[in-house]
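Under the working numbering, the residues of the sequence shown are numbered 272 to 621, in order.
All C-beta atoms, glycine included, are put in the ideal place defined by N, C-alpha and C.
Note that this is a predicted model, so its numbers are computed, not measured.
Single-structure report; data block below.
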Amino acid sequence: MNFHQMRNIDLRKELKKRGLQGYSSLRKAQLIEYLSTGIHPLKNPKKAPAIVEGEIHDPSSEGIEYSPTILGGTTDNLPVNQILSGDCLEILSSFPDGVFDCCITDPPFNMSKTKGLGWAFSSHVTMQEQWDIFSKDDYFQFSVNWIKEVLRVLKTNGNLFIFGSFHCIFTIGFILQNMFDRRIISQIVWFKPNAQPNITCRMFTESTEFIIWAVNNESKKAKNWTFNYETMKAMNSGKQMRNMWEIPLTPRTERKHGKHPSQKPVAVVNRIMLAGTNEGDLILDPFSGSGTTAVVAEQHNRKWIMIEKDETYNQIAQMRIDELSNRLFEENLIESQSLISHGSYVDELC
272 MNFHQMRNID LRKELKKRGL QGYSSLRKAQ LIEYLSTGIH PLKNPKKAPA
322 IVEGEIHDPS SEGIEYSPTI LGGTTDNLPV NQILSGDCLE ILSSFPDGVF
372 DCCITDPPFN MSKTKGLGWA FSSHVTMQEQ WDIFSKDDYF QFSVNWIKEV
422 LRVLKTNGNL FIFGSFHCIF TIGFILQNMF DRRIISQIVW FKPNAQPNIT
472 CRMFTESTEF IIWAVNNESK KAKNWTFNYE TMKAMNSGKQ MRNMWEIPLT
522 PRTERKHGKH PSQKPVAVVN RIMLAGTNEG DLILDPFSGS GTTAVVAEQH
572 NRKWIMIEKD ETYNQIAQMR IDELSNRLFE ENLIESQSLI SHGSYVDELC
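Right under this line is the structure:
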């Protein structure tokens with residue numbers, strides 16, 4: 272199907288068939304990106320294969336111990352394609368040096384102690400999550416600690432993408448540049464065209480988030496990092512991809528297994544994944560939340576390891592991954608049956 276030759280109205284109809292709605296404000300290039308990248312939910316979620324609610328893989332059942340002596344400095348014994356439940360600093364400390372190709376993560380923003388965010392459809396709300404409450408000094412030290420561990424387990428010149436709001440992004444940038452001398456390649460601005468309105472009338476509507484893209488090497492030595500320029504150009508109708516991304520908030524279809532207060536839409540992580548990683552790469556997310564990084568990595572044949580301390584979010588993530596695996600299996604089965612029926616499969620074997 273050639274999406275570039277379709278009218279906008281037909282592109283939106285195609286999105287609607289795939290269960291994606293509310294994208295009337297998107298330009299043609301963005302509509303094409305949603306359709307061409309393969310990131311879309313089931314047409315009818317009710318027909319999805321049954322998933323056992325609450326079933327989470329327990330690495331300890333396989334006798335895996337998270338210690339440097341067990342992991343032995345290679346990726347062979349790493350718990351690949353698994354969600355690890357626990358404190359990220361403890362688990363990260365058990366990994367050997369330089370094993371991950373890329374880290375994509377959305378750390379706590381330290382917003383929960385603010386009086387109110389000032390946006391809601393019907394009320395002035397606050398974000399009160401225990402995992403997001405720090406004093407100013409504690410948050411700085413926590414950020415130093417996890418960034419230090421992530422840089423240790425990342426390969427030299429490996430990519431690091433970190434989400435943040437104004438509450439934390441300057442702190443993270445300062446730590447990367449001034450404490451670890453890491454090169455920041457770009458700051459990506461995610462613009463949300465359907466951001467929730469501000470009802471206090473005392474500030475601008477918060478409609479952006481930031482993504483720091485850094486490389487794991489000293490600023491003057493950083494080179495040969497992964498950036499799939501041609502892929503990004505193709506996704507942007509043949510034009511250079513800019514660092515301002517207009518992508519709507521997480522749609523309801525991506526929240527059907529449960530809600531996370533800061534869940535990122537698949538479309539944002541999808542663009543990061545295709546820009547900064549290659550097939551077969553090992554991806555880390557030490558604050559995996561509802562598992563969006565794993566979902567996108569799985570769809571694009573990347574290996575992954577997720578870390579999350581909240582069991583409720585681990586369950587949501589596992590259900591999302593299981594649903595994707597079932598859908599990919601069904602799609603591959605249909606494709607194989609089609610090849611066999613047309614004789615192509617036999618030709619390929621010969």
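Task: Residue interval of the beta strand (DSSP E) (run including Phe-434) - done: 425-435
Open item on the list: Three Cβ pairs or more, each shorter than 8 Å: is that satisfied between the stretch 536-548 and the stretch 345-360?
Closed with: no
Task: For Trp-516, three-class secondary structure by DSSP - done: strand
- [ ] Using alpha carbons as the reference points, say which of Lys-288, Phe-432, Ser-356 and Leu-595 lies closest to Ile-554.
- [x] Phe-432
Open item on the list: Classify Thr-521: buried if its beta carbon has 16 or more other beta carbons within 10 angstroms, exposed otherwise.
Closed with: buried
Task: Option in Ile-483, Ile-418 and Arg-454 with minimal Cα separation from Phe-437 - done: Ile-483
TODO: Out of Gly-444, Arg-591 and Phe-371, point me to the one whose CA is closest to Gly-547's CA.
DONE: Phe-371
Task: Three-state secondary structure assigned by DSSP to Leu-313 - done: With a pLDDT of 34 at Leu-313, under the threshold of 50, the predicted position of this residue should be treated as unreliable, though the coordinate-derived value follows. Correct three-state label for Leu-313: coil.
Task: For Arg-573 and Met-544, believed in contact at Cβ under 8 Å, the rounded distance - done: 7 Å
- [ ] Provide the residue span of the beta strand (DSSP E) that contains Asp-281, from first to last.
- [x] First-last for Asp-281: 279-288, but that is the alpha helix (DSSP H), not the beta strand (DSSP E).
Open item on the list: Only counting the same chain, and skipping five residues up and downstream in sequence, which positions put a Cβ closer than 6 Å to that of Ile-459?
Closed with: Ile-482 and Asn-514
TODO: Answer yes or no: do Arg-523 and Val-486 have a C-beta to C-beta separation smaller than 8 Å?
DONE: no
Open item on the list: Relative to the C-alpha of Asn-499, which candidate in Glu-489, Met-512, Pro-519 and Ser-508 has its C-alpha closest?
Closed with: Met-512
Task: Residue from His-571, Gln-534 and Glu-517 with nearest C-alpha to Gly-551 - done: His-571
Open item on the list: Using DSSP's beta-bridge definition, name the partner residues of Arg-523.
Closed with: In DSSP, Arg-523 forms no bridge with anything.
Open item on the list: Taking the alpha-carbon of Cys-439 as reference, which of Asp-377, Gln-534 and Asp-281 has the nearest alpha-carbon?
Closed with: Asp-377
TODO: Measure the CB-CB distance between Ile-362 and Ala-588 and report whether it falls below 8 Å.
DONE: no
- [ ] Assign Ser-533 to one of three DSSP states: helix, strand, or coil.
- [x] coil
Task: Limits of the alpha helix (DSSP H) - the one that Leu-363 falls within - done: 359-363
TODO: Buried or exposed for Lys-463, please, with buried defined as at least 16 other CB atoms from any protein chain shown within 10 angstroms of its CB.
DONE: buried
Open item on the list: Less than 8 Å between the beta carbons of Glu-582 and Ser-356, yes or no?
Closed with: yes
Open item on the list: DSSP three-state label for Ile-554, please.
Closed with: strand
Open item on the list: Rounded to whole angstroms, what is the Cα-Cα separation between Glu-285 and Lys-510?
Closed with: 24 Å
Task: Which of helix, strand or coil DSSP assigns to Ile-456 - done: strand
Open item on the list: Is it buried or exposed, Asp-368, if we count other Cβ atoms within 10 angstroms and call 16 or more buried?
Closed with: exposed
TODO: Use the C-beta contact count for Ile-578: other C-beta atoms within 10 angstroms, 16 or more gives buried, fewer gives exposed.
DONE: buried
Task: Supposed contact pair Phe-434 and Glu-477 - C-beta distance, whole angstroms, cut 8 Å - done: At roughly 14 Å, the Cβ-Cβ gap does not stay under 8 Å, so Glu-477 and Phe-434 are not in contact.
- [ ] Could you tell me which residues DSSP pairs with Asn-572 in its beta bridges?
- [x] According to DSSP, Asn-572 bridges with nothing at all.
Task: Min CB distance Gly-562 to chain C below 8 Å - done: Any reference to chain C falls outside this structure, which holds one protein chain only.
TODO: Could you please give the first and the last residue of the uninterrupted beta strand (DSSP E) stretch that includes Thr-230?
DONE: Residue 230 falls outside the range modelled here, since the chain spans only 272 to 621, and no answer is possible.
TODO: Rounded to whole angstroms, what's the CA-CA distance from Arg-598 to Met-474? Just pull it up for me.
DONE: 44 Å
TODO: Note down the Cα distance separating Thr-497 from Leu-360, rounded to an integer number of angstroms.
DONE: 26 Å
- [ ] Would you list the residues sitting across from Phe-371 in a DSSP beta bridge?
- [x] Leu-425
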